[in-house]
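Participant: Structure in structure tokens, see below.
2 protein chains.
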Amino acid sequence: MDRNIKARYEKRANVLKAMAHPTRLFIVDELSKGERCVCELTEMVGCDVSTISKHLSILRNAGIVSDDKRGTSVFYSLSVPCVMSFFSCVESVMCSCNAPVDKLAK
Amino acid sequence: MDRNIKARYEKRANVLKAMAHPTRLFIVDELSKGERCVCELTEMVGCDVSTISKHLSILRNAGIVSDDKRGTSVFYSLSVPCVMSFFSCVESVMCSCNAPVDKLAK
DNA sequence: TGGCTATTTGGTAAAATAACCAAGGAAGTC
DNA sequence: GACTTCCTTGGTTATTTTACCAAATAGCCA
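Residue numbers (the working numbering), protein chains in the order written: chain A, 1 to 106; chain B, 1 to 106.
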């Protein structure tokens, strides 16, 4: 594979890699409903704040979310809404693969 | 986060994780043009056959591609074409990352 | 100022990922 | 059956990812 073409696929893969984690997928899903601050997301996910902060920085570096500092809080929002289209496709991948999602989520 | 909901996001993340690799992204892109056998993909990518085989099994387990053995060859094809819609969105994520210079300057 | 809250960053250990080589089938040919 | 080709699987090693704790930073308010 050509060097330039390889670099192109690497860049694309980085965006997908940023999404490819359950917690980050949850965050994206949540931000699609509106902006949330770090403490809100931490509360919802139920893990260490530092962990959420790092997930958010991965999403920010990928260009998927953007941050807005107001007071002591930092509010994150979805900067590229089209990533939400991934969900419906991912659902259809899972469906075509085998059983419905609710049966998988035991 | 609820146990069931977490399992749901894990399942979704697995699909994205399967796509989140330059070589696998290339394979998906190539298969969108038509079925290819392992040796063809190996030739194009230029790495060990076993590596390509493992990438393909990851994509197959995720439900993204399907295989068809004919003779000694195994032909892979895209089983869920909607994943191609990822590409255009990923491109726009990469573009939007460079666009808002004023926000980056903060 | 000092204390309080919200967030980020550094460090560490465990787990997951990826690439190669080598060995193990399966299917076609002689 | 023996031989070849195509592909998959097991094993090893290097790299990356992830989660937590601890410490640092930033903004508010008494």
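Heads up, the beta-carbon is just placed ideally off N, CA and C, and yes, glycines get one too.
Measure the CB-CB distance between Val93 of chain B and Val15 of chain A and report whether it falls below 8 Å.
Facilitator: The Cβ atoms of Val93 of chain B and Val15 of chain A lie closer than 8 Å to each other.
Participant: Quick one: which unbroken alpha helix (DSSP H) runs of 4-plus residues sit fully inside the region 5 to 42 of chain A? Chain order, please.
Facilitator: 22 to 31
Participant: Closest by CA to Met1 of chain B, which one among A:Ala20, A:Arg8, A:Arg24?
Facilitator: A:Arg24
Participant: Go to Val74 of chain A, then tell me how far its beta strand (DSSP E) extends in each direction, as first and last residue.
Facilitator: 73 to 78
Participant: Contact between the region 52 to 65 of chain B and the region 26 to 38 of chain B: three or more CB pairs below 8 Å?
Facilitator: yes
Participant: Contact criterion: CB-CB distance below 8 Å. Does Lys33 of chain B meet it with respect to chain A?
Facilitator: no
Participant: How would you write the range of the alpha helix (DSSP H) that Val83 of chain B sits in, first residue to last?
Facilitator: No alpha helix (DSSP H) contains Val83 of chain B, which DSSP labels as neither H nor E.
Participant: Given this structure, state the Cα-to-Cα distance separating Glu10 of chain A from Lys6 of chain B, to the nearest angstrom.
Facilitator: 28 Å
Participant: Closer than 8 Å, Cβ to any Cβ of chain A: which residues of the region 62 to 85 of chain B, in chain order?
Facilitator: Ala62, Gly63, Ile64, Ser79, Val80, Cys82, Val83, Ser85
Participant: Closer than 8 Å, CB to CB, is Lys106 of chain A near chain B or not?
Facilitator: Note that Lys106 of chain A scores 24 on pLDDT, short of 50, meaning its location in the model is unreliable; the coordinates nonetheless yield the value given after this. So yes, Lys106 of chain A belongs to the interface.
Participant: Name the DSSP bridge partner or partners of Arg70 of chain A?
Facilitator: A:Ser73
Participant: Let me check one thing: in DSSP terms, what residues is Met65 of chain B bridge-paired to?
Facilitator: As written in the sequence, residue 65 of chain B is Val, which differs from the Met given in the question. Paired residue(s): B:Leu78.
Participant: So with CB distances below 8 Å, who are the chain A contacts of Val45 of chain B?
Facilitator: Met1
Participant: Run down chain B in chain order and give the residues with a C-beta less than 8 Å from the C-beta of Cys89 of chain A.
Facilitator: Those within 8 Å of Cys89 of chain A in chain B are Val80, Cys82, Val83, Ser85, Phe86.
Participant: Here's the rule: buried if 16 or more other CB atoms are within 10 angstroms of the residue's CB, otherwise exposed. What is Lys69 of chain B?
Facilitator: Exposed.
Participant: Output needed for Cys37 of chain A: all residues of its chain with C-beta closer than 7 Å, excluding positions within five of it in sequence on either side, in chain order.
Facilitator: Ser73, Val74, Phe75
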